[in-house]
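Residue numbering for the sequence shown follows my numbering, starting at 104 and increasing by one per position.
The beta-carbon is built from N, C-alpha and C at its ideal position, and this holds for glycine as well.
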Amino acid sequence: APYLFPNNSRRRIPAVLYTLIGTGCIVVRIAVGGDAVLVNNGVLVAGIVLIALGLYHWQGGWDLSFDEEQALQAATREVGFPVGHASAQLGWRGLRSRPTWRILLYSNEPTPEHRGLVLVDGIDGEIIDRFTERNPEDWTGDTA
104 APYLFPNNSR RRIPAVLYTL IGTGCIVVRI AVGGDAVLVN NGVLVAGIVL IALGLYHWQG
164 GWDLSFDEEQ ALQAATREVG FPVGHASAQL GWRGLRSRPT WRILLYSNEP TPEHRGLVLV
224 DGIDGEIIDR FTERNPEDWT GDTA
């Protein structure tokens with residue numbers, strides 16, 4: 104069966120849990136008042152931190168609408184040489200953790216003459232950057 108890459112929007116599940124637990128901490132702290140021994144201002148601070156963490160995870164739960172196959176096709180169009188072997192890796196960039204495909208491509212000769220690295224946005228498919236060069240690797244000792 105084909106491999107289905109997990110969607111980044113899964114981050115929203117823990118975001119909801121963090122926010123609910125944080126809200127619960129704040130409600131408990133307010134409900135027990137200032138005389139409680141086990142529920143002090145640390146619980147209030149923990150609630151605030153959990154809500155902040157939940158909001159960060161929520162905004163980072165981008166919908167990965169551009170899959171690895173589409174990213175490979177976009178990268179192949181971008182490099183300007185016929186592609187043989189290629190590899191896709193998902194990474195994240197920026198403080199908001201925007202998903203980015205890193206596509207490594209080799210040209211389609213028995214000993215590849217060119218290679219390229221293309222960064223493709225995982226949300227809208229925009230080409231972020233592209234690096235191509237003659238292949239500096241020496242494969243003369245390798246046998247097929």
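Indicate whether the contact test is met: 3 or more Cβ pairs, each with one atom in the segment 144-163 and one in the segment 123-134, closer than 8 angstroms. For the pair of segments examined, the segment 144-163 was found to touch the segment 123-134: the number of CB pairs separated by less than 8 angstroms reaches three.
Among residues of its own chain, excluding the 5 on either side of residue 234, which ones have a beta-carbon nearer than 7 angstroms to its beta-carbon? For residue 234, where only same-chain residues beyond five positions count, the Cβ hits under 7 angstroms are 219, 220.
Do residue 130 and residue 142 have their C-beta atoms within less than 7 angstroms of each other? Annotated as distal: residue 130 and residue 142, with beta-carbon spacing of 7 angstroms or more.
Check whether residue 222 and residue 237 have beta carbons under 7 angstroms apart: Residue 222 places its beta carbon 7 angstroms or farther from that of residue 237.
Just how far apart, CA to CA, sit residue 208 and residue 183? One C-alpha to the other measures close to 11 angstroms.
Under a three-way DSSP split, which group does residue 187 fall into? Correct three-state label for residue 187: strand.
First and last residue of the uninterrupted beta strand (DSSP E) at residue 254: Examination of residue 254 is not possible in this model, given that the chain is present from 104 through 247 alone.
Status (buried if at least 16 other CB within 10 Å, exposed otherwise) for residue 148: With fewer than 16 other Cβ atoms within 10 Å, it is exposed.
Less than 7 angstroms between the beta carbons of residue 195 and residue 202, yes or no? Contact flag set, yes.
Roughly how many whole angstroms lie between the Cα atoms of residue 168 and residue 181? Going from the Cα of residue 168 to the Cα of residue 181 covers about 20 angstroms.
Those residues which DSSP pairs with residue 192 across a bridge: DSSP lists 205 as the bridge partner or partners of residue 192.
Where residue 192 and residue 240 are concerned, what is the direct C-alpha to C-alpha distance, given to the nearest angstrom? Spanning the two alpha carbons is a distance of roughly 21 angstroms.
Restricting to Cα atoms, I'd like to know which of 197, 117, 146, 214 is closest to residue 188. If we check each option's Cα against that of residue 188, 214 comes out closest.
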